[in-house]
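Residue numbers (the numbering used here): 1 to 208.
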């Protein structure tokens with residue numbers, strides 16, 4: 001059984017960790033600014049779907065297998081970096097007019113969701129994070145079955161907090177992007193910083 005004090009401590013710690021700018025936050029804001037609020041919301045949903053997947057894997061003990069397998073860890077890490085490079089290349093082919101951007105956004109929500117899932121799922125450091133973070137809040141005397149249940153409960157709480165904050169980031173990024181579209185001749189210039197950010201995230205995935 002998880003105590004109220006443990007839940008309160010976990011909630012505060014989770015909020016503090018999620019509010020620290022990281023790859024997921026940067027990815028969601030970048031998507032929102034460049035392709036609109038809906039794209040950011042879809043990306044946030046995808047990112048946190050992958051988070052929930054890692055929570056389940058942690059509860060089942062699968063994440064520890066990935067973390068202990070050097071070959072598996074490296075393979076997933078480089079796959080994630082390669083996908084971010086692909087997104088960087090895609091950003092450079094972004095439509096050149098505001099009208100085209102709006103049309104693309106309406107047709108690509110599923111793709112944005114898929115991208116969000118893959119960006120986070122192909123980051124094995126997420127598995128390491130949950131392996132290091134969640135057990136700190138598990139009752140020391142918990143049985144294996146009880147420990148799995150507590151991991152799922154805490155993971156679901158982390159997912160809820162993260163998704164709520166991500167929605168705020170997506171809306172803020174979308175509003176900023178809309179302002180830029182109203183006050184500039186187009187978003188063609190934004191392709192380059194967006195592509196650079198994705199390449200930076202790829203480098204982060206490989207070297208840090």
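We put the CB at the ideal spot given by N, CA and C, even for glycine. Note that the coordinates shown come from a computational prediction; the quantities given were computed from them, not determined experimentally.
{"Asked": "Just curious, the alpha helix (DSSP H) that residue 49 is in, first and last residue?", "Found": "37-60"}
{"Asked": "Quick check: what's the CA-CA separation for residue 159 versus residue 46?", "Found": "12 Å"}
{"Asked": "In whole angstroms, what is the alpha-carbon distance linking residue 99 and residue 179?", "Found": "In this predicted model, residue 99 has a pLDDT of only 41, less than 50, meaning its place in the structure is not dependable; the value taken from the coordinates is given anyway. Roughly 15 Å separates the two Cα atoms."}
{"Asked": "Rounded to whole angstroms, what's the CA-CA distance from residue 129 to residue 57? Just pull it up for me.", "Found": "12 Å"}
{"Asked": "Exposed or buried, residue 96, counting other C-beta atoms within 10 Å across all chains shown (16 or more means buried)?", "Found": "Note that residue 96 scores 46 on pLDDT, short of 50, meaning its location in the model is unreliable and no value can be drawn from it."}
{"Asked": "Give the DSSP-derived three-state secondary structure of residue 116 in the structure shown.", "Found": "helix"}
{"Asked": "Please list, in chain order, all residues of the same chain as residue 109 whose beta carbon is under 8 Å from its beta carbon, the five residues on each side excluded.", "Found": "38, 39, 42"}
{"Asked": "In this structure, how does DSSP classify residue 164 when only helix, strand and coil are distinguished?", "Found": "helix"}
{"Asked": "May I ask you to report which of helix, strand or coil DSSP gives residue 143?", "Found": "coil"}
{"Asked": "Cβ of residue 28 within 9 Å of Cβ of residue 198?", "Found": "no"}
{"Asked": "To the nearest angstrom, how far is it from the Cα of residue 12 to the Cα of residue 123?", "Found": "24 Å"}
{"Asked": "So which of 7, 32, 16 has the shortest CA-CA distance to residue 171?", "Found": "32"}
{"Asked": "Are the CB atoms of residue 36 and residue 174 within a distance shorter than 9 Å?", "Found": "yes"}
{"Asked": "Can you give the beta carbon distance from residue 166 to residue 48, rounded, assuming they're within the 8 Å contact cut?", "Found": "6 Å"}
{"Asked": "I need the straight-line Cα distance from residue 5 to residue 126, nearest angstrom please.", "Found": "25 Å"}
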